[in-house]
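I have placed the structure first, in the form of structure tokens, so that the comments after it can refer back to it.
Protein chains: 2
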Amino acid sequence: MHAAMLEAPSRSVRTTIYSVPVPSVIAIKTHCSSCHLRDLCLPCGLAEADVDSLDGLMFARRKVKAGEALYLEGDKFLFIYAVRSGTFKASLTLADGRDQVSGFYMAGELMGLDGLAQGAYASSAIALEDTEICAIPYSLLSELSSSAANMQHVVTRLMSREIVREHSLMMLLGSMNAEERLAAFLLNLSQRLKARGYSAHEFHLRMSRAEIGSYLGMKLETVSRTFSAFALQGLLEVDKRHIRIVNPEGLKRSFELRMR
Amino acid sequence: MHAAMLEAPSRSVRTTIYSVPVPSVIAIKTHCSSCHLRDLCLPCGLAEADVDSLDGLMFARRKVKAGEALYLEGDKFLFIYAVRSGTFKASLTLADGRDQVSGFYMAGELMGLDGLAQGAYASSAIALEDTEICAIPYSLLSELSSSAANMQHVVTRLMSREIVREHSLMMLLGSMNAEERLAAFLLNLSQRLKARGYSAHEFHLRMSRAEIGSYLGMKLETVSRTFSAFALQGLLEVDKRHIRIVNPEGLKRSFELRMR
DNA sequence: CGCTAAGTTGAGAGATGTCAAATATAGTGG
DNA sequence: CCACTATATTTGACATCTCTCAACTTAGCG
């Protein structure tokens with residue numbers, strides 16, 4: 001069953017070609033219980049007993065290099081992927097070949113849930129740096145759900161969380177201006193980095209201005225200008241992708257100006 | 001267990017007050033198998049045997065009048081609701097009391113799935129006209145999932161569908177201009193009405209310009225102007241909320257101008 | 001019959017997009 | 001190691017789109 005992961009995915013026609021390498025070695029496998037991400041990732045919220053049942057299985061690990069695709073929009077949905085390290089973007093390719101970024105994923109976050117509806121991934125997952133992931137066969141998860149009572153709730157809750165995440169992005173896109181969008185984005189990143197033990201106030205962006213812009217519904221020039229505006233206001237220090245949040249409270253205010 | 005539905009929901013503080021009436025009579029109950037919506041609604045995609053297991057239970061029906069709330073943001077998540085007739089809007093209240101519409105739901109569509117993540121609804125459901133709904137206790141659905149193998153997939157697939165729906169709304173908000181947004185909105189409505197046996201080309205909008213605008217991320221004046229522009233281009237005939245799509249192909253083109 | 005809410009339309013302001021140029025950076029091949 | 005190329009980022013000038021504010025119309029309702 002895991003062999004399916006090694007198959008070259010059925011590729012849809014597209015203008016941007018991402019390479020999908022065939023792993024050269026048999027994937028390493030990992031237990032959930034010994035994983036340093038267990039409090040953020042799939043097991044989060046599971047009872048002891050259920051984590052144990054998860055552990056009867058091991059999940060294949062795989063490295064994905066910067067710029068490579070983990071899966072492409074339209075590929076058959078077989079796995080849910082947990083990010084072990086590094087950052088991914090999820091993007092949808094529009095009919096004209098441009099793509100729109102629909103999310104960024106970091107360690108402990110799960111990707112691919114949008115594939116269930118159609119049996120094929122609705123978006124592509126592209127590594128923004130060298131990454132490592134856990135491949136969780138969906139079929140296994142289904143089986144487990146029948147035996148381990150809470151397992152199903154976990155999956156369902158994860159999906160619901162994804163819905164809520166998208167809700168808030170919709171709010172952002174629907175009712176916020178450029179400064180508010182970028183502030184919201186940075187504060188969200190900051191919070192997620194903090195939860196992972198990194199500094200909340202100083203970090204390196206893994207994505208380009210264009211990718212941020214695509215995600216936030218604005219042009220890359222506007223993203224750049226807004227960074228500069230924040231720097232001018234003394235809220236941030238910006239050096240290309242290196243960001244230092246000088247005044248988190250001020251940033252929050254600028255974001256709550258309209259939200260409040 | 002059904003009694004919970006009759007409880008007045010715990011209300012969060014808000015500026016807009018929606019009335020939540022206490023039903024005066026014991027709710028009527030309905031079988032899925034005899035429902036005229038069975039091909040659109042929950043049973044869609046279920047095997048015979050599983051529909052039967054659904055039918056061991058009956059779901060409480062309830063009427064919700066125009067302007068009333070079925071549930072409010074923050075209410076405890078107990079039910080998934082299927083629309084039997086009429087139209088709802090889902091809306092989130094921002095901190096300043098304005099609300100943002102996150103979706104419109106019509107017959108056969110399921111509401112409330114966003115409540116799972118937090119155990120509380122993430123949005124409010126407001127009836128845009130007199131409506132009737134089926135209340136499906138989530139706990140029952142969970143139980144069923146253990147026995148009926150496909151039931152769990154159905155719920156999960158429904159959630160995944162919701163994620164995909166929000167994906168496309170994000171794309172819309174992120175990369176389309178006013179005309180494209182309204183065209184996409186009208187074509188989506190048209191298609192859903194058609195699937196329900198109504199005319200695809202002539203219909204009555206149940207929502208105000210302001211609600212459309214909130215959903216599409218634009219001001220009500222811009223919505224109105226865009227309607228007028230479409231009428232001028234000979235694509236639509238617009239008389240307040242009565243819409244006739246004169247040139248569906250043209251509308252599609254105007255919407256695909258940027259998408260193509 | 002007047003009141004209120006919804007919708008339409010106009011004029012001007014403000015925000016963001018577009019196009020273009022300059023600079024910086026990283027990776028490549030000689 | 002260096003020059004060179006491609007890419008990312010910043011910034012300016014101007015165009016365009018959408019918002020804001022305001023007036024007016026229409027329809028529904030007590």
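Chains as they are written, first to last, in the numbering used here: chain A, 1 to 260; chain B, 1 to 260.
In this text, a Cβ means the ideal position worked out from N, Cα and C, and glycines have one as well.
The beta carbons of A125(B) and F88(B) sit about 5 Å from each other, so the pair counts as a contact at 8 Å. Residue pairing of E237(A) in beta bridges, as defined by DSSP: R244(A). Looking at E73(A), D99(A), E162(A), the one whose alpha-carbon comes closest to that of A117(B) is E162(A). Annotation for H201(A): I245 place their beta carbon closer than 6 Å to its own, counting only its chain and skipping 5 residues before and after. Cα atoms of S228(A) and E237(A): separation of roughly 9 Å, rounded to the nearest angstrom. DSSP lists no beta-bridge partner residue for F227(B). Between the region 64-84 of chain A and the region 182-190 of chain A there are fewer than three inter-stretch CB-CB distances shorter than 8 Å, so the stretches are not counted as touching.
DSSP places G174(B) within a helical segment (H, G or I) once states are collapsed to three. If only uninterrupted alpha helix (DSSP H) runs of at least 4 residues are considered, those enclosed by the region 123-197 of chain A are 138-147, 149-175, 178-195. When 9 Å is used as the limit between beta carbons, R241(B) is near no residue of chain A, the shortest such separation being about 22 Å. With distances taken between CA atoms, R84(B) lies nearest to V64(B) out of A69(B), V64(B), A90(B), L94(B). Taken in chain order, the members of the region 216-238 of chain A whose beta-carbon sits within less than 8 Å of a beta-carbon on chain B are L216, G217. Burial check for H167(A): the Cβ neighbour count within 10 Å reaches 16 or more, so the residue is buried. Rounded to the nearest angstrom, the gap between the Cα atoms of Q233(B) and L251(B) is 10 Å.
By the rule that beta-carbons nearer than 8 Å mark a contact, Q100(A) touches chain B.
Scanning its chain for C-beta atoms nearer than 7 Å, with the 5 sequence neighbours on each side dropped, one finds around L173(B) the residues G217, in chain order. For G174(B), the chain A residues whose Cβ falls inside 8 Å of its Cβ are Q100, L173, S214, Y215, L216, G217, in order along the chain. In the structure shown, E48(A) falls within a helical segment according to DSSP collapsed to helix, strand and coil. Excluding the 5 residues flanking it on each side, G108(A) has same chain C-beta neighbours closer than 6 Å at L37, L40, C41, in chain order. A residue is called buried when at least 16 other Cβ atoms come within 10 angstroms of its Cβ; S33(A) does not meet this threshold and is exposed. Residues of chain B with a Cβ closer than 8 Å to the Cβ of T156(A) are, in chain order, L116, V155, T156, M159. Within chain B, no C-beta atom comes less than 9 Å from the C-beta of M207(A); the nearest is roughly 15 Å away. Going by C-alpha positions, S199(B) is about 30 Å away from K29(B).
Boundaries of the beta strand (DSSP E) around A82(A): 79-85. Of all residues in the region 120-138 of chain A, those with a C-beta nearer than 9 Å to a C-beta of chain B are A122, S123, reading in chain order. In the DSSP annotation of this structure, Y121(B) is not part of any beta strand (DSSP E), being labelled neither H nor E.
Excluding residues up to 5 positions away in sequence, K76, F77 lie with their Cβ nearer than 8 Å to the Cβ of G119(B) in the same chain.
Just measuring C-alpha positions, the residue of E132(A), Q100(A), L205(A) sitting nearest A60(A) is E132(A).
Selection G115(B), S160(B), S53(B), V223(B) evaluated against I80(B) yields G115(B) as nearest (Cα-Cα). No Cβ of chain A is located within less than 8 Å of the beta carbon of E211(B). Per DSSP, Y215(A) has no beta-bridge partner at all.
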